[in-house]
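A.B. asks:
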Amino acid sequence: MNLERTVRRLQRSMMAQCLLFVSTLIALAMLFASSILSMRKDLTKRMDEIEKNHEIFTHQLNVTIQDFNNTVGKVQEDVEQTVQEMNDNVSSQNYFLAYQFAGTFAVLGSLISFWHMSSHLRNFHAPSVQRKIIAILWMIPIYSVSSWLSLVFVHAEAFLGLFKDIYEAYCIYCFLSFLISIMGRGDRDAAIDCLAKHADHLHPPIQMPWAPDPVFQSPRQKAEAVLNQCQVFSMQFVFLRPITTIATIIADEYHESRWDPAYPQIYISIVTNVSIFIAFFGLLKFYHVVKDDLNWCHPFSKFMSIKAVVFMTFWQGVAISFIAHAVFQRNDDSNSSQDATEWSKQAQSFMICLEMFAFAIVHCFVFPAEEWEPGYREREKKRIKATFGDSLALKDFVADVKTVMRSRKVKYSKINKKKSPSTRTACAHEEKGSTDIDKQSPTT
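For our numbering, count along the sequence shown from 1 and bump the result up by 73.
1. Going by the beta-carbon positions, is the gap between Phe-236 and Ile-209 smaller than 8 angstroms?
2. Of all the options Leu-300, Ile-279, Ile-245, Tyr-243, which has the alpha carbon lying nearest to the alpha carbon of Asp-266?
3. Just to confirm my understanding: we take Pro-494, look at its own chain, exclude 5 residues before and 5 after, and list those with CB closer than 6 angstroms. What are they?
4. Going by C-alpha distance, which of Val-439, Asn-75, Val-391 is nearest Met-424?
5. Counting Cβ pairs, one atom from each stretch, are 3 or more of them under 8 angstroms apart for the stretch 271-282 and the stretch 393-401?
6. Identify every run of the alpha helix (DSSP H) within the stretch 324-371, keeping only runs that are complete inside it and at least 4 residues long; order them along the chain.
7. Please confirm if the stretch 432-449 is in contact with the stretch 189-199, defined as three or more CB-CB distances below 8 angstroms between the two stretches.
8. Which of helix, strand or coil does DSSP assign to Leu-181?
9. DSSP three-state call for Asp-260: helix, strand or coil?
10. In whole angstroms, give me the CA-to-CA distance for Gln-513 and Thr-476.
11. Whole angstroms is fine: what's the gap from Gln-157's alpha carbon to Glu-150's?
12. Which two residues bound the contiguous alpha helix (DSSP H) that contains Thr-390?
13. Can you tell me whether Trp-221 is helix, strand or coil according to DSSP?
14. Under 8 angstroms, do Asp-238 and Pro-315 count as touching if we go by C-beta distance?
15. Within a Cβ cutoff of 7 angstroms, which residues of the same chain sit near Leu-357, ignoring the five residues on either side of it in sequence?
16. Does the beta-carbon of Phe-130 have 16 or more other beta-carbons within 10 angstroms, so that it is buried, or is it exposed?
17. Should the stretch 240-251 be called in touch with the stretch 305-312, which here means at least 3 C-beta pairs below 8 angstroms?
18. Are at least three pairs of beta-carbons, each pair with one atom in the stretch 141-150 and one in the stretch 175-187, less than 8 angstroms apart?
19. Assign Ile-343 to one of two classes, buried (16 or more other C-beta atoms within 10 Å of its C-beta) or exposed (fewer than that).
20. Do the stretch 317-327 and the stretch 218-229 meet, that is, are 3 or more Cβ pairs less than 8 angstroms apart?
21. Does the distance from the CB of Ala-298 to the CB of Pro-278 come in under 8 angstroms?
22. Pick helix, strand or coil for Leu-134, following the three-state DSSP scheme.
23. State the CB to CB distance for the pair Phe-306 and Phe-354, rounded to an integer number of angstroms; the pair is presumed to be in contact (CB under 8 angstroms).
24. Would you mind stating whether Lys-380 and Phe-373 have Cβ atoms separated by less than 8 angstroms?
25. So, Leu-224 versus Ala-175, is the Cβ gap smaller than 8 angstroms?
26. Nearest by alpha-carbon distance to Glu-370: which of Met-212, Ser-107, Gln-203, Val-347 is it?
27. Is the distance from the Cβ of Leu-181 to the Cβ of Phe-401 below 8 angstroms?
28. Alpha carbon to alpha carbon, what distance is there between His-132 and Lys-557?
29. State the CB to CB distance for the pair Met-256 and Ala-264, rounded to an integer number of angstroms; the pair is presumed to be in contact (CB under 8 angstroms).
30. For Ile-279, does the three-state DSSP call read helix, strand or coil?
31. Where Ala-272 and Trp-416 are concerned, what is the direct C-alpha to C-alpha distance, given to the nearest angstrom?
32. Three-state secondary structure (DSSP) at Ala-199?
Okay, here's the thing in structure tokens:
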């Protein structure tokens, strides 16, 4: 009984302990679950806070980067603007120096030409001739002023060049008229009479291949025909040059080019060159006939001064345009041809301003006003007869040499005639013997 009681007591205690253990486990599980739930809630809350802070940080960072990029872009734009302004200032200063330099030479050249023209007006002894000279001297101011304005106002260069080209053609004809006025002293019939004296050396007027050869009744008729053709050859350039210049201006309004065969400018330039060649051919044909009669006024230097202005400026412009297009075409720019054309025009205008100053000085020596004073022609003809060789007495020296050589030749011919054959044989033996002795003397 006691054992059963003891067993029951033990069972009850074990049951109580088991219940207590189970209840304890349940309490611990409930406590652990509640702590896990609280930790999860806390972790979720912290994750939300971290995500929210991340979003705030990301937004602030993006805003800061955007502000930094805006600041950098603004600084870069300011730097580029400052650099562009500095480049523009330097370029404007360079252009201003070029304008000032070219303008100075243009003003000086024009003043020299005006002074030169005034000297002719003060000594207006041959009006028919000196009018042509003054017309030629106007070339320097017109070239200088138009070139300087073309340098400053590049877009107006075509219209300013129109006046320059027209006067260039007019000056070529003025020079031919100048030579005719000198020949006839202002009378064209007298010039034809002077030209008729050289009828034997005159080539007949050029005819078309299918036209018959002209027949002239007199030398004067031939001289008049040649003079008329020379004037026509020079005059055609006066009328054709404005037409080609206006055609070039119209073509440049559509597309500005100089060397592209797809556009008409290159063909207009060829026509202009042919016209210039014909004009100078007529001028040269007349000059070669009368150059000896006009030798007293040095027509060659006058002709070269006109030819240099016309030809040098023209071919200088062609060379500058060719070089500019060759240099600018290296750049992969769609406007390279236009930039090259604009730069070549400015360079050509700048060079002409400088060159006209030199030509103004040359004209003072080539077209002096003293040539047309009364009695100058006779004095100059007498001076030309006293050539450089005569002033050094070279002709006298050559004549003395010829006289001495001729006298020695006559003397020796007389001596040889007086000698007999035996004497000549003895002299020959003596010369042979002396030659043998001379040959043996080095060995001795």
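A virtual CB, placed ideally from N, CA and C, is assigned to each residue, including glycine.
Note that the coordinates shown come from a computational prediction; the quantities given were computed from them, not determined experimentally.
C.D. replies: Reading off the structure:
1. Start at 1 with the first residue of the sequence shown, and residue 236 comes out as number 163. Start at 1 with the first residue of the sequence shown, and residue 209 comes out as number 136. No, the pair does not count as a contact, with Cβ atoms beyond the cut-off.
2. In the sequence shown, residue 266 corresponds to position 193, counting from 1. Asp-266 has its Cα closest to that of Leu-300, out of Leu-300, Ile-279, Ile-245, Tyr-243.
3. Against the sequence shown, residue 494 aligns to sequence position 421. In this prediction, Pro-494 scores a pLDDT of 49, lower than 50, which makes its location untrustworthy; no coordinate-derived value is stated.
4. Translated into positions along the sequence shown, residue 424 becomes position 351. It is Val-391.
5. no
6. 338-363
7. yes
8. Along the sequence shown, one-based indexing puts residue 181 at 108. The answer is helix: DSSP assigns Leu-181 an H, G or I state.
9. For this step, residue 260 is matched to residue 187 along the sequence shown. Correct three-state label for Asp-260: coil.
10. By one-based count along the sequence shown, residue 513 stands at place 440. By one-based count along the sequence shown, residue 476 stands at place 403. The pLDDT assigned to Gln-513 is 40, lower than 50, so where the model puts this residue is not dependable; a value taken from the coordinates is nonetheless given after this. Whole-angstrom Cα-Cα distance: 41 angstroms.
11. Position 84 of the sequence shown, counted from the first residue, corresponds to residue 157. Position 77 of the sequence shown, counted from the first residue, corresponds to residue 150. It is roughly 10 angstroms from the alpha-carbon of Gln-157 to the alpha-carbon of Glu-150.
12. Against the sequence shown, residue 390 aligns to sequence position 317. Reading the sequence as shown, one finds Gly at residue 390 and not Thr. Element bounds for Gly-390: 386-401.
13. In the sequence shown, residue 221 corresponds to position 148, counting from 1. Here Trp-221 sits in helix by DSSP.
14. Position 165 of the sequence shown, counting from 1, holds the residue named residue 238. Position 242 of the sequence shown, counting from 1, holds the residue named residue 315. Against a cut-off of 8 angstroms, the Cβ pair of Pro-315 and Asp-238 comes out as a contact.
15. Taking the sequence shown and counting its residues from 1, the one referred to as residue 357 is at position 284. Nothing listed; no residue qualifies.
16. Within the sequence shown, the letter at position 57 stands for residue 130. Here Phe-130 is exposed: its Cβ has fewer than 16 other Cβ atoms, across all protein chains shown, within 10 Å.
17. Look at the beta carbons and you see the stretch 240-251 touching the stretch 305-312: at least three pairs across the two are nearer than 8 angstroms.
18. no
19. Locating residue 343 in the sequence shown gives position 270, counting from the first residue. Exposed: under 16 other Cβ atoms inside 10 Å.
20. no
21. The residue labelled residue 298 in the question sits at position 225 within the sequence shown. The residue labelled residue 278 in the question sits at position 205 within the sequence shown. Cβ atoms of Ala-298 and Pro-278: closer than 8 angstroms.
22. Your numbering for residue 134 matches position 61 in the sequence shown. Residue state, collapsed to three classes: helix.
23. As a first step, residue 306 is located in the sequence shown; it is residue number 233 there, counting from the start. As a first step, residue 354 is located in the sequence shown; it is residue number 281 there, counting from the start. With 8 angstroms as the limit, Phe-306 and Phe-354 qualify as a contact, their Cβ atoms being about 6 angstroms apart.
24. To locate residue 380, count along the sequence shown from 1; it is residue 307. To locate residue 373, count along the sequence shown from 1; it is residue 300. Result no, Cβ atoms of Lys-380 and Phe-373 do not sit closer than 8 angstroms.
25. Against the sequence shown, residue 224 aligns to sequence position 151. Against the sequence shown, residue 175 aligns to sequence position 102. Yes.
26. Residue numbering aside, residue 370 sits at position 297 when the sequence shown is read from its first letter. Reading off the sequence, residue 370 comes out as Cys, not Glu. Here the closest residue by C-alpha is Gln-203.
27. By one-based count along the sequence shown, residue 181 stands at place 108. By one-based count along the sequence shown, residue 401 stands at place 328. Their beta carbons are not under 8 angstroms apart, which means Leu-181 does not touch Phe-401 by this criterion.
28. Past the edges of the chain, shown from 74 to 517, lies residue 557, and the structure says nothing about it.
29. The residue you call residue 256 lines up with position 183 of the sequence shown. The residue you call residue 264 lines up with position 191 of the sequence shown. Rounded, the Cβ-Cβ distance is 4 angstroms, consistent with contact.
30. The residue you call residue 279 lines up with position 206 of the sequence shown. Of the three classes helix, strand and coil, the one that applies to Ile-279 here is coil, per DSSP.
31. Within the sequence shown, the letter at position 199 stands for residue 272. Within the sequence shown, the letter at position 343 stands for residue 416. Straight-line Cα distance between these residues: approximately 51 angstroms.
32. For the purposes of this step, residue 199 is taken as the residue at position 126 of the sequence shown. Here Ala-199 sits in coil by DSSP.
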